[in-house]
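Everything on this sheet refers to the single structure shown next.
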Amino acid sequence: MKVTVVGAGAVGASCAEYIAIKDFASEVVLLDIKEGYAEGKAMDLMQTASLNGFDTKITGTTGDYSKTAGSDICVITSGIPRKPGMTREELIGINAGIVKSVSSSLVEHSPNTILIVVSNPMDTMTYLVHKTTGLPKNRIIGMGGALDSARFKYRLAEALGAPISDVDGMVIGGHSDKGMVPLTRLATRNSVPVTAFISEERLEQVKEDTKVGGATLTKLLGTSAWYAPGAAVSGLVQAIACDQKKIYPCSTFLEGEYGLSDICIGVPVVLGRDGIEKVVEIDLTDAEKNHMSESADGVSATNELLEL
Ligand SMILES: NC(=O)c1ccc[n+]([C@@H]2O[C@H](COP(=O)([O-])OP(=O)(O)OC[C@H]3O[C@@H](n4cnc5c(N)ncnc54)[C@H](O)[C@@H]3O)[C@@H](O)[C@H]2O)c1
Ligand SMILES: O=C(O)C[C@H](O)C(=O)O
Numbered sequence: 007m008k009v010t011v012v013g014a015g016a017v018g019a020s021c022a023e024y025i026a027i028k029d030f031a032s033e034v035v036l037l038d039i040k041e042g043y044a045e046g047k048a049m050d051l052m053q054t055a056s057l058n059g060f061d062t063k064i065t066g067t068t069g070d071y072s073k074t075a076g077s078d079i080c081v082i083t084s085g086i087p088r089k090p091g092m093t094r095e096e097l098i099g100i101n102a103g104i105v106k107s108v109s110s111s112l113v114e115h116s117p118n119t120i121l122i123v124v125s126n127p128m129d130t131m132t133y134l135v136h137k138t139t140g141l142p143k144n145r146i147i148g149m150g151g152a153l154d155s156a157r158f159k160y161r162l163a164e165a166l167g168a169p170i171s172d173v174d175g176m177v178i179g180g181h182s183d184k185g186m187v188p189l190t191r192l193a194t195r196n197s198v199p200v201t202a203f204i205s206e207e208r209l210e211q212v213k214e215d216t217k218v219g220g221a222t223l224t225k226l227l228g229t230s231a232w233y234a235p236g237a238a239v240s241g242l243v244q245a246i247a248c249d250q251k252k253i254y255p256c257s258t259f260l261e262g263e264y265g266l267s268d269i270c271i272g273v274p275v276v277l278g279r280d281g282i283e284k285v286v287e288i289d290l291t292d293a294e295k296n297h298m299s300e301s302a303d304g305v306s307a308t309n310e311l312l313e314l
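At position 212 of the sequence shown (counting the first as 1) the number is 218 in this note's numbering, and the numbers step up by one without a gap.
The structure is reproduced here in structure tokens:
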């Protein structure tokens, strides 16, 4: 199993590290445009192999896509992150050009690859990749919901005073400060609805904290987060590489599911060796449907800014 990660910055390197530590891939190639940067990150990571006990071979390259040839899975993290006070949508001007050229180079060298899009604004970048690469929709996956759901579980556990392993919950919708739809109604603590333990008011606070999870970290760090994003991407890569058939909320091109069309947005999907093997349709309440529809309007408005 060969995995390429484009962008050897904070998220790309974290993602490569988690993939290596989980030791399911034979090879990870890191590619960046900054001279020597991917080579340096790869060497540093390889020097953790004997310490962390993995055999995954990590190599780095400055812009040489021939080194990525034959990748089963490619992850796109190249592009600029936001600074405090910015929205993800403001990154479109620079990141659209980067994502378009990177995805085309990746597909040229690995025509059978599955692409995972991470660069922001992620749903719109996933849509761009869908419109420009010609890959089938099951092989284009946007990562956002896996991360947002991890943050939701963190906030739920905090509110419940429970271990995170006891908590389950999912966030669908757009990966944006306003667009996320944390499904509080379906959140559980060891199969018991969380409303048995906390008030609706506290749950509303959990929801709001989850939606601004990325912005909160950006304010603290001066740039956006990387550990949880890297771990979330590695989870998706592992689900595909190991044909796990796990359900993750991912951004995917919809053709009528959830009443939405011609858009990439976060919905639960089954991930296996063919990438997105199924979109799972949950019965939403009218209020949840409204949130989803508002979220889709936001993503579509950003998509309009693309020059396709
Ligand atoms: N979808 C998500 O959940 C999620 C989570 C975290 C970050 N992000 C996004 O991921 C992106 C990367 O974030 P980061 O913190 O790693 O940024 P970073 O600045 O640390 O790393 C980005 C890297 O991309 C490289 N790069 C730029 N243009 C390139 C090109 N044309 N080809 C190859 N490499 C190129 C840069 O040299 C840099 O090393 C940002 O757009 C950020 O908003 C998304
Ligand atoms: O918040 C950001 O801009 C980065 C990423 O989308 C995140 O949610 O951490």
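Ideal placement from N, C-alpha and C gives every residue a C-beta, glycine not left out.
For T62, the closest alpha carbon among the candidates A26, G262, K89 is that of A26. Spatial neighbours of I86 in its own chain (CB-CB distance under 7 angstroms, excluding positions within 5 residues in sequence) are listed in chain order as L97, I100, N101.
Remark: fewer than three beta-carbon pairs, one from each stretch, lie closer than 8 angstroms, so the stretch 195-203 and the stretch 291-310 are not flagged as touching. T83 places its beta carbon less than 7 angstroms from that of V17. The Cβ atoms of A247 and L153 do not sit closer than 7 angstroms to each other. For E283, the enclosing beta strand (DSSP E) begins and ends at 281-285.
Residue pairing by DSSP places L277 opposite K252, I282 in a beta bridge. Distance check between D183 and each of L223, A22, L57, H136 places L223 closest, using alpha-carbon atoms only. Residue state for E261 is assigned as strand, using DSSP reduced to three classes. Taking 7 angstroms as the cut-off, the beta carbon of G148 is found closer than this to the beta carbon of S257. The Cβ neighbour count for D29, taken over all protein chains shown within 10 Å, is under 16; the residue is labelled exposed. With contacts defined as CB atoms closer than 7 angstroms, K8 and E45 fail to qualify as a contacting pair.
Counting along the chain, I25 sits inside the alpha helix (DSSP H) bounded by residues 16-28. Contact between V113 and T139 is confirmed by a C-beta separation of about 5 angstroms, below the 8 angstroms threshold. Around R208, the same chain offers A165 as residues with beta carbons nearer than 6 angstroms, after the five sequence neighbours per side are excluded. Of all alpha-carbon atoms in R191, A168, G151, D172, the one lying nearest the alpha-carbon of G185 is that of G151.
With 16 or more other Cβ atoms inside 10 Å of its own Cβ, P188 counts as buried. When distances are taken from the beta-carbon of T83 to the heavy atoms of ligand 1, the shortest one is below 6 angstroms.
Under DSSP, G179 shares a beta bridge with M186, G272.
Of the residues S20, I178, G13, M52, the one whose Cα lies closest to the Cα of E41 is G13. Secondary structure of R145 (DSSP, three-state): helix. In the three-state DSSP reduction, K225 falls in the helix class (H, G or I).
A Cβ-Cβ separation of about 14 angstroms leaves D129 out of contact with I282 under the 8 angstroms criterion. I170 sits in a helix when the DSSP states are folded into three classes. Taken from the Cβ of M49, every heavy atom of ligand 1 lies 6 angstroms or farther away.
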